[in-house]
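Numbering (the numbering used here), first residue to last: 11 to 75. We treat Cβ as the ideally placed atom computed from N, Cα and C, and that holds for glycine. Bear in mind that the values here come from a model prediction, so they are computed numbers and not experimental data. Please read the structure below before turning to the comments.
Right, here's the structure in full:
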């Protein structure tokens, strides 16, 4: 993953946290499950990376603005 992809994942993570709040984990798991069921490994990888960015963002204690 390069810097642009990393930055994109964190931007999406922040947007999803703002949109879904406490339900963001369930939303992401549903997307991961759907992509696995469809056999779309590229999409699975994208959602997995975004899920990790969400986890890091939430654990960092920074304010979303």
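In angstroms, rounded to a whole number, what distance separates the CA positions of residue 13 and residue 20? Numbered from 1 along the chain shown, position 3 holds the residue referred to as residue 13. Numbered from 1 along the chain shown, position 10 holds the residue referred to as residue 20. Cα to Cα, residue 13 sits roughly 11 Å from residue 20.
What residue range does the alpha helix (DSSP H) around residue 36 cover? In the chain shown, residue 36 corresponds to position 26, counting from 1. Judged by DSSP secondary structure, residue 36 falls within the alpha helix (DSSP H) whose first and last residues are 34 to 48.
Task: Neighbour-count burial assignment, residue 51, 16 or more Cβ in a 10 Å radius - done: The sequence position of residue 51 within the chain shown is 41, counting from 1. Counting other Cβ atoms within 10 Å of its Cβ, residue 51 stays below 16 and is therefore classed as exposed.
- Message: According to DSSP, simplified to helix, strand and coil, what is residue 56?
- Response: Taking the chain shown and counting its residues from 1, one reaches residue 56 at position 46. Residue 56 falls in the helix class under three-state DSSP.
Inter-residue spacing [alpha-carbon to alpha-carbon] between residue 64 and residue 23: Here residue 64 is taken as the residue at index 54 of the chain shown, counted from 1. Here residue 23 is taken as the residue at index 13 of the chain shown, counted from 1. One C-alpha to the other measures close to 5 Å.
Suppose contacts are defined by Cβ-Cβ distances below 8 Å. Is residue 60 in contact with residue 38 by that definition? Here residue 60 refers to the residue found at position 50 of the chain shown. Here residue 38 refers to the residue found at position 28 of the chain shown. Result yes, Cβ atoms of residue 60 and residue 38 sit closer than 8 Å.
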